[in-house]
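Undergrad: Got a structure here, written out as structure tokens. Questions coming.
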Amino acid sequence: MSVFKFSLEQVLSYRAQLEEQAMQVFSLAVQARDKRLREKEEYEAAVAEARRQLADPALLDADERWLITGYIKALAHDIDQARNDLAVLEEDVDRARADLTQKAQDKKLLERLKEKQATRHRLAENHKEQQNYDDIATIRFMPPAV
1 MSVFKFSLEQ VLSYRAQLEE QAMQVFSLAV QARDKRLREK EEYEAAVAEA RRQLADPALL
61 DADERWLITG YIKALAHDID QARNDLAVLE EDVDRARADL TQKAQDKKLL ERLKEKQATR
121 HRLAENHKEQ QNYDDIATIR FMPPAV
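Just so it is clear: in the sequence shown, position 77 is 77 by my numbering, and no numbers are missing.
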């Protein structure tokens, strides 16, 4: 019985590499988005803390109020920038996810083709082997010539 050799094995290997690269790009995009999301949440927490300080008039004089108000405005600007960045990063994640999905489908298609060809090869080899056994059996049990 001959060994099955997939003629597109190199292509399959290349597709697997492409899928792995797409997985890495997707992972990096998710990490970048998550990092920026954490930064935005930290800004929002800092704004909440600064507003809490502003709400207590006994603890602050006019100069401190002015500084905290400026700090809140700067944080609000940072939050807006983080939101814009998050929108871009979310698009990057979606694009990377779509690319990864496409690469995985391409690889899966070749894997299915390989499985089908292997099955077809195995069936053909089994058929040849059975044919060989049938020929041997026919020759062995042939009635003697009279």
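All residues carry an ideal CB built from backbone N, CA and C; glycine is no exception. If you're wondering where the values come from, they're calculated on a predicted model, not measured in any experiment.
1) The alpha helix (DSSP H) with residue 22 in it runs from where to where?
2) What three-state label does DSSP hand residue 3 in the structure shown?
3) With respect to the alpha helix (DSSP H) encompassing residue 75, which residues constitute its N-terminal and C-terminal limits?
4) Please identify the residue among 108, 121, 70, 37 whose C-alpha is closest to the C-alpha of residue 16.
5) Can you tell me the Cα-Cα spacing of residue 58 and residue 65, whole angstroms?
6) Excluding five sequence neighbours on each side, which residues of the same chain lie with their C-beta closer than 8 Å to the C-beta of residue 122?
7) Using only the alpha-carbon positions, how far apart do residue 9 and residue 143 sit?
TA: Here's the rundown:
1) Note, residue 22: alpha helix (DSSP H), 9-55.
2) coil
3) Counted as a single uninterrupted DSSP element, the alpha helix (DSSP H) harbouring residue 75 occupies residues 62-140.
4) Nearest of 108, 121, 70, 37 to residue 16, Cα basis: 108.
5) 11 Å
6) Closer than 8 Å at the Cβ level, and outside the excluded window around residue 122, lie 4.
7) Approximately 50 Å between the Cα atoms of the pair.
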